[in-house]
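Student: The sequence shown: position 179 = 179 (UniProt numbering), numbered continuously. Note that beta-carbon positions come from the ideal geometry of N, C-alpha and C, so glycine has one too. First the structure, then my questions, so here it is.
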Amino acid sequence: MGGDLLTLFLCGDVMLGRGVDQILPHPGDPALREGYLRDARAYVELAAAKNGPVPCPAGFAWPWGDALEVLDEAAPAARVLNLETSVTRYAGFAPEKEIHYRMNPANLPCLAAARPDVCVLANNHVLDFGRQGLADTLGALAGAGLRTAGAGGDPDAARRPAIVPLADGRRILVFSFGMPSSGIPRAWAAAGGDSGVDFVARPSPAAAGEIIGRVRQVKRPGDIAVASVHWGPNWGYHVTRSEAAFARGLLEGGVDLVHGHSSHHPRALEAYRGKLVIHGCGDFIDDYEGITGYEEYRDDLRLLFLVTLDPDTGRLHDVRIVPLQARRMRLRHASRQDSRWLQGLLDRISSGFRPCAADEPEGTLTLRPA
C-alpha cells in the first residue's frame, strides 16, 4: 500500500419518498396510484403495526438513525448514495410505472442530514413524475448544494460524472448509469435533446468500453473512479455471466470501484485483481418495513459500506460493513445474531476474500482480499 488510505461510504437505495416523506416535517401529497395502496400514509401504518409507533412528524434525521453516528466516527472522504425518489410537488404520475416515489422538496434537509457528497440518480424512480419531476429534482438538489450524477437535462449532462475534490488535490469521480434489468424504462434515457438518465441497454463489452472511454477522458493521476450502476432484479443472489464480465471489464479499463444497487437485499461482492465490485448494496432507507413476502432475504437488514482503498493505486484494502436494521422507519444497529447471519451470507455469496471477520464495535463485518 501507498500512503494514507482513502475511505468511501457507499450504500444502496435511499428512498425518502412515499411513506418516509409522510413522517417528515413537511409531508407532501400522499396520493398514490398503486394497486396495493392508494395513500402513502398507509405504509407508515404498516410499519407501526409491525414494530411500534412511528413519530409523526419525526425530525429530519430520524430515518438515518444510528447511521449518522457511524458516519461521523468513520469520517469517510466521500459519501455516495443512490437517491431512489423524485423530489417534486408535481402531480403528473408517469403512466408507464405502477409504483411512484415522490418527496416534498421542503423535506430535503432529511437527505442533507447524511451530508452526501454524491447522489446518483440513474435509477427506476427518478422520473416517476415525468421529465417535469426530473427537472424539479435536479433543481432542488442543485439548490441544496448537492452533487448529482446519472441524470440531466440532456445526454451530456446525464453522462457527466460528479467530481468530489479532496484536500490533497486528488478527486473522486462518480459515473452513474442504469440498465433495464432494474426496471428503468427505455423511454427514460437522455437522448437527442431530451432530459433523462444515463441508460445502458445491457451489460455488454461494447457498453463497458464506452464507459471506460469516458472515464479515461476525465481521470487524472491520483483520481479514484467509481462506476455506480443500477441493475439487476429486486430479489435473488444470482449474478449473470454478462454482469460479472461487465464489472470486471470496467475494473480492467481503469475504474477503481463498481458500486451496484437495485436489489432489495445485498448481492455478491467480488475482489477482482485487487479492486472491488459490489453487485448490489441492498436497500438502505425505505418504507417497506410492514410489507410481507421474501422474508428469507432479510430485507429488514441494511448494510452501511465503508470501503478503504489505496489512493495511489485504487487497490482495495478492506470493506467494513456495519449491519443496521429498519425499525419504526429508523435505522438502528442490528443484533449480534443478525450480524452473524450476515457474516455467513457474505461468505456464501462473495468471492476473492478471506473469511468475513466480525469485529467490534457493533458487530462490524470486515472483508479483506484473499
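1) Using the rule of at least 16 other Cβ atoms within 10 Å of the residue's Cβ for burial, across every protein chain shown, is TRP188 buried or exposed?
2) Report yes if the C-beta distance between TRP231 and GLY178 is below 8 Å; otherwise report no.
3) Can you name, in chain order, every residue of its own chain whose Cβ lies under 6 Å from the Cβ of PRO203, other than the five neighbours on each side?
4) By DSSP's criteria, HIS265 is part of a beta bridge. Which residues make up the other side?
5) In terms of residues, what are the limits of the beta strand (DSSP E) holding ILE291?
6) Could you tell me whether the Cβ atoms of ILE212 and LEU250 are closer together than 8 Å?
7) Just tell me which of GLN132, ILE285, PRO180, GLY65 has its CA closest to the CA of SER195.
8) Using CA atoms only, rank isn't needed, just tell me which of ARG147, LEU166, PRO165, ALA167 is closest to ALA158.
9) In the DSSP assignment, find the alpha helix (DSSP H) that holds CYS110 and state where it starts and stops.
10) For PHE60, which residues in the same chain have their Cβ closer than 6 Å to its Cβ, ignoring the five residues on either side in sequence?
11) Which whole-angstrom value describes the C-beta separation of GLY254 and LYS219, a residue pair presumed to lie in contact below a C-beta threshold of 8 Å?
12) Can you tell me which of the three DSSP states ILE349 falls into?
13) How is the beta strand (DSSP E) around THR308 delimited, first residue to last?
14) What does the Cβ neighbour count give for GLY92, buried or exposed, with the cut at 16 atoms within 10 Å?
15) Return yes when the Cβ of ILE23 is within less than 8 Å of the Cβ of PRO53, no when it is not.
16) Taking the alpha-carbon positions, what's the GLY35 to GLU96 distance?
17) I need the straight-line Cα distance from THR137 to LEU309, nearest angstrom please.
18) State the beta-bridge partners of ASP359 as determined by DSSP.
19) Express the C-alpha separation of LEU16 and GLY28 in angstroms, rounding to a whole number.
20) Taking all protein chains shown into account, decide if GLN343 is buried (16 or more other Cβ within 10 angstroms of its Cβ) or exposed.
21) For ARG340 and GLU296, what's the separation of their Cα atoms in angstroms?
22) Helix or strand or just coil, what does DSSP make of TYR297?
23) VAL44 to ILE291, Cα distance in whole Å?
24) Under the DSSP definition of a beta bridge, which residues are partnered with ASN82?
25) Could you tell me whether the region 77-85 touches the region 162-172, where touching means 3 or more Cβ pairs closer than 8 Å?
26) Taking 8 Å as the threshold (C-beta atoms), are ARG267 and GLY280 in contact?
27) At what residues does the alpha helix (DSSP H) containing PHE246 begin and finish?
28) Which value, in whole angstroms, describes the spacing of the CA atoms of SER263 and ASP283?
29) So what's GLY178 in DSSP terms, helix, strand or just coil?
Tutor: According to the data block:
1) Position 188 of the sequence shown, counting from 1, holds the residue named residue 188. Burial call: buried.
2) The residue labelled residue 231 in the question sits at position 231 within the sequence shown. The residue labelled residue 178 in the question sits at position 178 within the sequence shown. Closer than 8 Å, so yes.
3) Residue 203 sits at position 203 when you count from the first residue of the sequence shown. Hits under 6 Å: SER242, GLU243, PHE246.
4) In the sequence shown, residue 265 corresponds to position 265, counting from 1. DSSP lists no beta-bridge partner residue for HIS265.
5) Taking the first residue of the sequence shown as position 1, residue 291 is located at position 291. No beta strand (DSSP E) holds ILE291; DSSP gives it neither H nor E.
6) On the sequence shown, position 212 is the one that residue 212 refers to. On the sequence shown, position 250 is the one that residue 250 refers to. Between ILE212 and LEU250, the CB-CB gap stays under 8 Å.
7) Translated into the one-based positions of the sequence shown, residue 195 becomes position 195. Out of GLN132, ILE285, PRO180, GLY65, the CA that lies nearest to the CA of SER195 is found in GLN132.
8) Position 158 of the sequence shown, counted from the start, is the residue given in the question as residue 158. Ranking ARG147, LEU166, PRO165, ALA167 by Cα distance to ALA158 puts ARG147 first.
9) Here residue 110 corresponds to residue number 110 of the sequence shown, with the count starting at 1. Note, CYS110: alpha helix (DSSP H), 108-112.
10) In the sequence shown, counting from the first residue as 1, residue 60 sits at position 60. Sequence-distant Cβ neighbours of PHE60 in its own chain, meaning closer than 6 Å and more than five residues away, are PRO109, CYS110, ALA113.
11) As a working mapping, residue 254 is identified with position 254 in the sequence shown. As a working mapping, residue 219 is identified with position 219 in the sequence shown. Beta-carbon to beta-carbon, GLY254 and LYS219 are separated by about 6 Å, close enough to satisfy the 8 Å threshold.
12) Residue 349 sits at position 349 when you count from the first residue of the sequence shown. Of the three classes helix, strand and coil, the one that applies to ILE349 here is helix, per DSSP.
13) By one-based count along the sequence shown, residue 308 stands at place 308. Counting along the chain, the beta strand (DSSP E) containing THR308 begins and ends at 301-309.
14) Translated into the one-based positions of the sequence shown, residue 92 becomes position 92. That one is exposed.
15) On the sequence shown, residue 53 is found 53 positions in, with the first residue counted as 1. On the sequence shown, residue 23 is found 23 positions in, with the first residue counted as 1. At the C-beta level, PRO53 and ILE23 stay beyond 8 Å of one another.
16) Position 35 of the sequence shown, counting from 1, holds the residue named residue 35. Position 96 of the sequence shown, counting from 1, holds the residue named residue 96. Rounded to whole angstroms, GLY35 to GLU96 spans 14 Å at the Cα level.
17) Counting from one through the sequence shown, the residue named residue 137 turns up at place 137. Counting from one through the sequence shown, the residue named residue 309 turns up at place 309. Looking at the backbone, the Cα of THR137 and that of LEU309 are separated by about 32 Å.
18) Translated into positions along the sequence shown, residue 359 becomes position 359. Per DSSP, THR364.
19) Against the sequence shown, residue 28 aligns to sequence position 28. Against the sequence shown, residue 16 aligns to sequence position 16. Between GLY28 and LEU16, the C-alpha separation is close to 11 Å.
20) Stepping through the sequence shown from its first residue, residue 343 is reached at position 343. Buried.
21) Here residue 340 is taken as the residue at index 340 of the sequence shown, counted from 1. Here residue 296 is taken as the residue at index 296 of the sequence shown, counted from 1. In this structure, the straight-line span from the alpha carbon of ARG340 to that of GLU296 is close to 15 Å.
22) Translated into positions along the sequence shown, residue 297 becomes position 297. TYR297: helix per DSSP, three-state reduction.
23) Walking along the sequence shown from the start, residue 44 turns up at place 44. Walking along the sequence shown from the start, residue 291 turns up at place 291. C-alpha of VAL44 to C-alpha of ILE291: approximately 11 Å in a straight line.
24) The residue labelled residue 82 in the question sits at position 82 within the sequence shown. DSSP lists ASP13, VAL120 as partners of ASN82.
25) Yes, the region 77-85 is in contact with the region 162-172.
26) Residue mapping note: residue 280 aligns to position 280 of the sequence shown, counting from 1. Residue mapping note: residue 267 aligns to position 267 of the sequence shown, counting from 1. Cβ distance < 8 Å, so GLY280 and ARG267 count as in contact.
27) Taking the first residue of the sequence shown as position 1, residue 246 is located at position 246. Note, PHE246: alpha helix (DSSP H), 241-253.
28) Along the sequence shown, read from residue 1 onward, the residue named residue 263 stands at position 263. Along the sequence shown, read from residue 1 onward, the residue named residue 283 stands at position 283. Going from the Cα of SER263 to the Cα of ASP283 covers about 7 Å.
29) Your numbering for residue 178 matches position 178 in the sequence shown. If DSSP states are grouped into helix, strand and coil, GLY178 belongs with the strands.
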